[in-house]
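Novice: Heads up: the sequence shown at position 71 corresponds to 495 in the numbering used here, and the numbers run straight through without jumps. Could you have a look at this structure, given as structure tokens, before my questions?
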Amino acid sequence: MRFGIDVSEHQDGLSLAASGASFVVLRTTDGTYRDHVFASHLDDARSAGIEVETYHYLRSPSEGTSVGEQVEASLAVLQDLRVPMWLDCETPAGLALDDVARAHSLFTSAGVDVAGIYTSRRWWRWRMLGADTRPFGKLWLAEYGADDGSYPGDSAWPKAVGKQVPAMWQFTSRGRVPGYGGDVDVNARR
425 MRFGIDVSEH QDGLSLAASG ASFVVLRTTD GTYRDHVFAS HLDDARSAGI
475 EVETYHYLRS PSEGTSVGEQ VEASLAVLQD LRVPMWLDCE TPAGLALDDV
525 ARAHSLFTSA GVDVAGIYTS RRWWRWRMLG ADTRPFGKLW LAEYGADDGS
575 YPGDSAWPKA VGKQVPAMWQ FTSRGRVPGY GGDVDVNARR
């Protein structure tokens with residue numbers, strides 16, 4: 425079992441070197457909004473020798489930007505960096521399965537390996553009616569239970585959503601990192 429964290433500008437000032445994480449997932453964009461501390465988080469992770477992946481918070485086109493514009497913004501943040509990308513599917517406005525497929529296709533065409541989908545069980549069942557997640561890669565599931573910052577144990581690993589068992593599990597939004605006063609999302613990977 426490996427443990428890692430996912431961060432965005434909301435965790436500005438956090439030292440990835442102090443986190444003890446074996447991997448980190450960095451936000452590139454939220455819609456077309458570019459994460460202002462992506463570069464500093466990336467530099468911190470690289471200097472600490474931490475494995476890096478990225479995520480894009482996919483917004484519904486009904487929220488004002490096309491999927492193509494969002495992918496372009498994320499690619500601009502990435503520049504030449506090509507590391508696995510997760511598609512964060514949790515916007516309250518909802519998404520069409522075609523939006524997810526389009527984002528997957530555009531990232532892949534640009535040479536970015538789409539690792540898979542990040543979502544919650546409730547959101548995927550409600551918004552996507554439990555559609556198969558496998559065409560988009562692996563599943564990273566947010567499911568907190570007690571959400572007290574501690575790992576609930578392997579026996580609590582979430583069941584399948586969208587026809588696959590999660591490869592990665594965000595088990596708390598209340599993790600702690602030495603020297604940082606805020607909460608951090610913590611993930612387990614099999």
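Glycine included, every Cβ here is placed at the ideal spot set by N, Cα and C. What you are looking at is a predicted structure, and each value in this text was computed from that prediction instead of being measured.
Can you find the residues in the same chain that come closer than 6 Å, C-beta to C-beta, to L615, ignoring five residues on each side of it along the sequence?
Specialist: A question about residue 615 goes unanswered here, because the residues of the chain that appear run from 425 up to 614.
Novice: In the structure shown, what three-state DSSP assignment does D459 receive?
Specialist: coil
Novice: Counting only runs of 3+ residues fully inside the segment 521-551, write out the beta strand (DSSP E) ranges in chain order.
Specialist: 538-544
Novice: Mind checking which residues open and close the alpha helix (DSSP H) that includes Q494?
Specialist: For Q494, the uninterrupted alpha helix (DSSP H) run begins and ends at V491 to L502, by DSSP.
Novice: Leaving out five residues before and five after A472 in sequence, what residues of the same chain have Cβ atoms less than 6 Å from its Cβ?
Specialist: L440 and A441
Novice: Give the single residue among V491, V536, L502 and E493 whose Cα lies nearest to the Cα of P508.
Specialist: V536
Novice: Please go through the same chain and pick out, in chain order, the residues whose beta-carbon is closer than 6 Å to the beta-carbon of Q594, but skip the five residues on each side of it.
Specialist: So the qualifying residues of the chain are A566, D609 and N611.
Novice: If you run the structure through DSSP and keep just helix, strand and coil, what is S597?
Specialist: Look at S597 here: in three-state DSSP terms it is strand.
Novice: Kindly indicate the opening and closing residues of the alpha helix (DSSP H) around A442.
Specialist: L440 to S443
Novice: Short of 8 Å in beta carbon distance, which residues of its chain neighbour G599, apart from the five on each side in sequence? Order them along the chain.
Specialist: Residues of the same chain with a CB within less than 8 Å of the CB of G599, apart from the 5 flanking positions on each side, are I429, G573, D607, V608, D609 and V610 in chain order.
Novice: Please list, in chain order, all residues of the same chain as E475 whose beta carbon is under 7 Å from its beta carbon, the five residues on each side excluded.
Specialist: S446 and F447
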